[in-house]
Amino acid sequence: MITIALPKGALLKDSISIFKKAGLNFSDALLENNRSLTIESKCKRAKALLVRNGDVPVYVSYGQADLGIVGYDVLQESELKVAKLLDLEFGGCHMSLAVKNNSNYSKPTDLPANCKVASKFTKTARAYFDDLNIPVEIVHLTGSVELGPITGMAEAIIDLVATGKTLKENGLSKIDDLFYSTARLIANPLSLRLDSNPLRDVILSIESSKDILNI
Numbered sequence: 008m009i010t011i012a013l014p015k016g017a018l019l020k021d022s023i024s025i026f027k028k029a030g031l032n033f034s035d036a037l038l039e040n041n042r043s044l045t046i047e048s049k050c051k052r053a054k055a056l057l058v059r060n061g062d063v064p065v066y067v068s069y070g071q072a073d074l075g076i077v078g079y080d081v082l083q084e085s086e087l088k089v090a091k092l093l094d095l096e097f098g099g100c101h102m103s104l105a106v107k108n109n110s111n112y113s114k115p116t117d118l119p120a121n122c123k124v125a126s127k128f129t130k131t132a133r134a135y136f137d138d139l140n141i142p143v144e145i146v147h148l149t150g151s152v153e154l155g156p157i158t159g160m161a162e163a164i165i166d167l168v169a170t171g172k173t174l175k176e177n178g179l180s181k182i183d184d185l186f187y188s189t190a191r192l193i194a195n196p197l198s199l200r201l202d203s204n205p206l207r208d209v210i211l212s213i214e215s216s217k218d219i220l221n222i
């Protein structure tokens, strides 16, 4: 039986739709009264693990799931070994650098040396500023990073931005985009090597169901 790690939250509905087109129906996961963390497909050929987006690569890397769907932002932050298969082209948002509207910063190089930048994505943020050769202190926050500039703890933030509504409501604006993040299909490398047909059939079905490009 194929095991698939599906991300709870914003990516779940489209993830289930993708697999449904490939013949694996996990729609019970969308039922309002569902509390189960594992869902068997209606065809009994696969089961889904409902996990947090950030945990998908962990389950796939350690072999508890053969396939998974996860945001590109998570893959950039993770150092786990997974096979990156397909860009599924949904769940799009930007990883952005933002500052207070009333600041004098309009581009990354305007930030003062050794200033503080708050982010959930510390590895991504560090790599970004290292590439720009800008020395900053990265402050790791797990909640609302917008509070960093609001409270004066940080000069800027790096975070995911979809509509920009949250930034606007908190007096912040973007001054740069690091990359555009979409949902990606990943696989356990060993599962790919050992599988004869079923797993590859699912991957090919997903690929052929729409115009999807390899990463």
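According to my numbering, the sequence shown is numbered sequentially starting from 8. Every residue gets a Cβ at the ideal spot worked out from N, C-alpha and C, and that includes glycine.
- Remark: C-beta atoms of Leu179 and Lys107 approach each other more closely than 8 Å.
- Closest by C-alpha distance to Leu167, out of Asp137, Ala132, Ser198 and Leu192, is Ala132.
- Along the segment 52 to 131, the beta strand (DSSP E) occurs as fully enclosed runs of 3 or more residues at 53 to 58, 74 to 78, 90 to 94, 100 to 107 and 122 to 126, listed in sequence order.
- Ala190 has its alpha-carbon roughly 18 Å from the corresponding atom of Leu31.
- Thr10 is the residue among Thr10, Val63, Gly75 and Leu87 whose C-alpha sits nearest the C-alpha of Arg52.
- Between the segment 111 to 124 and the segment 195 to 213, the count of Cβ pairs shorter than 8 Å is below three; the stretches do not touch.
- Around the beta-carbon of Asn60, 16 or more other beta-carbon atoms lie within 10 Å, marking it buried.
- Going by C-alpha positions, Asn109 is about 41 Å away from Leu13.
- When Gly70, Leu18 and Tyr69 are compared, the shortest CA-CA separation from Glu96 is found for Leu18.
- In the three-state DSSP reduction, Glu153 falls in the coil class, being neither helix nor strand.
- The residue among Pro115, Gly78, Ala163 and Ala125 with its C-alpha nearest the C-alpha of Cys100 is Gly78.
- Where Glu214 is concerned, the enclosing alpha helix (DSSP H) starts and stops at Pro205 to Ser216.
- In this structure Ser126 is buried. Its beta-carbon is surrounded by 16 or more other beta-carbon atoms within 10 angstroms.
- In the structure shown, Thr170 falls within a coil segment according to DSSP collapsed to helix, strand and coil.
- Considering only Ala29, Lys181, Leu44 and Asp208, the residue with the shortest C-alpha distance to Ser103 is Lys181.
- When rounded, the separation of the alpha-carbon atoms in Ala169 and Leu82 is 18 Å.
- DSSP lists Lys54 as the bridge partner or partners of Glu47.
- The closest CA to that of Ala134, considering only Phe186, Gly171 and Met160, is found on Phe186.
- Considering only Arg200, Ile210, Asn177 and Asp184, the residue with the shortest C-alpha distance to Ile193 is Ile210.
- Excluding five sequence positions before and after Pro142, the CB atoms of its chain that fall closer than 6 Å to its own CB belong to Ala120 and Asn121, given in chain order.
- Ile165 carries a strand assignment under DSSP once its states are collapsed to helix, strand and coil.
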